[in-house]
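A.B. asks: After the structure tokens below, expect a handful of questions from me.
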Amino acid sequence: MNIIKYLERLEHMDSLIRRAATGPPDVFAKKVGLSRSALMEYIRILKTLGAPVAYDSYLGTYRYEKAGKMRIGFEVLDD
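The sequence shown begins at 1 in UniProt numbering and counts up one residue at a time.
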């Protein structure tokens with residue numbers, strides 16, 4: 001898979017998770033263009049990166065247990 005597409009998908013997932021707008025796993029997978037099993041692998045990767053992702057069965061959505069967001073990219077530091 002193209003690394004740019006991979007990172008864009010992670011950013012899209014992050015946005016949906018922060019807004020608690022994922023829906024259940026099957027719906028979330030469809031929103032981000034993945035199979036359910038691939039979605040689970042992406043969620044595992046997010047957790048490995050330190051994201052406190054959890055499924056809230058009451059709300060029926062994934063969410064972060066602590067406020068935060070992913071940051072992907074390059075930041076130029078001033079000299």
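Beta carbons are placed, not taken as given, at the ideal position from N, Cα and C, and that holds for glycine. Values in this document were obtained by computation on a predicted structure and should not be read as measured data.
Is there contact here, the region 21–41 with the region 64–75, by at least three beta-carbon pairs under 8 Å?
C.D. replies: Taking 8 Å as the limit for Cβ pairs, the verdict is that the region 64–75 does not touch the region 21–41.
A.B. asks: Exposed or buried, Ala-51, counting other C-beta atoms within 10 Å across all chains shown (16 or more means buried)?
C.D. replies: By the 10 Å Cβ count, Ala-51 comes out buried.
A.B. asks: Looking at the strands, I want to know which residues DSSP matches up with Asp-26.
C.D. replies: None, per the DSSP bridge assignment.
A.B. asks: Which same chain residues, not among the five before or five after Leu-49, have their C-beta less than 8 Å away from its C-beta?
C.D. replies: Excluding sequence neighbours, Leu-49 sits near Met-70.
A.B. asks: What do you get for Asp-14, buried or exposed, if any count of 16 or more other CB atoms within 10 angstroms of its CB means buried?
C.D. replies: Buried is the call here.
A.B. asks: Among the candidates Asn-2, Lys-47, Ile-3 and Lys-5, whose CA atom is the shortest distance from the CA of Ile-17?
C.D. replies: Cα-wise, what sits closest to Ile-17 is Lys-47.
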